[in-house]
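Residue numbers (my numbering): 19 to 298.
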């Protein structure tokens with residue numbers, strides 16, 4: 019079979035198994051199996067593939083059809099212009115989180131502030147490391163309750179040459195944090211446990227600890243809102259990624275807890291996904 023024929027047959031196979039973006043998945047997996055960049059496939063459509071080239075692809079296609087996330091199969095994910103290691107130890111980074119990071123980079127580059135940044139629930143470290151790479155004078159600290167996630171974050175720090183600048187440590191929210199910060203950013207679990215049945219097979223491959231926020235979904239976010247003032251500098255910013263339908267309740271809760279300059283921001287899908295507030 020030629021490269022084009024393999025792509026066409028794999029795309030059809032993925033369609034039957036209701037894989038989202040079947041052609042894109044097929045291209046990524048074939049490029050990965052061949053050790054090529056995806057764009058290079060377009061220059062080789064007529065090339066016949068050998069059995070030794072097809073064998074690893076078959077295993078990848080089977081696993082993808084069974085719901086294993088594409089990012090886990092590839093082993094990496096692109097985020098804010100950097101390549102991060104990605105596996106089952108931490109949540110797969112979402113495009114919405116890129117929007118949050120890019121907004122913060124834009125804001126704090128202009129203000130030339132945020133010399134101390136705390137990333138709460140750091141996971142694979144994409145937020146902390148992307149901010150550190152862009153805000154080169156900032157002191158960045160990432161925390162997570164999962165030792166597995168922290169190990170992955172440290173691997174990513176080493177991969178990006180940021181191991182000396184970004185500290186990762188274990189903490190259940192802020193319980194082990196002693197230093198203050200100018201920017202506290204958090205993409206905490208916000209999916210209600212009652213939504214489990216409606217989640218995709220791929221999302222259910224993420225660690226439960228990183229997905230489910232409680233019966234309502236925003237319990238951990240509310241706890242952070244309550245405890246954050248003790249670690250925020252005067253006028254420091256709290257930046258949150260939240261779930262669908264949680265914006266109004268959390269905005270009111272921020273006001274109740276005496277935050278000011280509270281604002282909401284939508285993601286590219288039109289969902290109110292981010293909250294920003296200052297304290298003191």
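Glycine included, each C-beta is placed from N, C-alpha and C at the ideal position.
| query | At what residues does the beta strand (DSSP E) containing residue 202 begin and finish? | reply | 199-204
| Just the Cα atoms here: how many angstroms apart are residue 61 and residue 180? | 36 Å
| field | Inter-residue CB distance, residue 110 and residue 89 (contact presumed, cutoff 8 Å) | value | 5 Å
| said: Considering only the alpha carbon of each residue, which of 229, 79, 211 and 30 lies closest to residue 50? | reply: 79
| Limits of the beta strand (DSSP E) - the one that residue 28 falls within | Looking at the DSSP string, residue 28 is not in any beta strand (DSSP E); the run it does join, the alpha helix (DSSP H), is 21-34.
| query | Anyone know if the C-beta pair for residue 184 and residue 146 falls short of 9 Å? | reply | yes
| request: Would you give the residue range spanned by the alpha helix (DSSP H) that residue 57 belongs to? | output: Element bounds for residue 57: n/a, residue is neither H nor E.
| said: Bridge partners for residue 66 per DSSP, in chain order? | reply: 20
| said: Taking the straight line between their C-alpha atoms, what separation do you get for residue 288 and residue 169? | reply: 34 Å
| request: Answer with buried or exposed for residue 117, where buried requires no fewer than 16 other C-beta atoms within 10 angstroms of its C-beta. | output: buried
| Skipping 5 residues on each side, what residues in its chain have a beta carbon closer than 7 Å to that of residue 269? | 280, 282 and 293
| task | Excluding the 5 residues preceding and the 5 following residue 239 in the sequence, name in chain order all residues of the same chain whose CB lies nearer than 8 Å to its CB. | result | 204, 206, 208, 231, 258, 260, 264 and 268
| residue 284 by DSSP, collapsed to three states: which one? | strand
| query | Around the Cβ of residue 134, are there at least 16 other Cβ atoms within 10 angstroms (buried) or fewer (exposed)? | reply | buried
| query | Going by beta carbon distance, what residues of the same chain come within less than 6 Å of residue 219, once the five residues before and after it are set aside? | reply | 85
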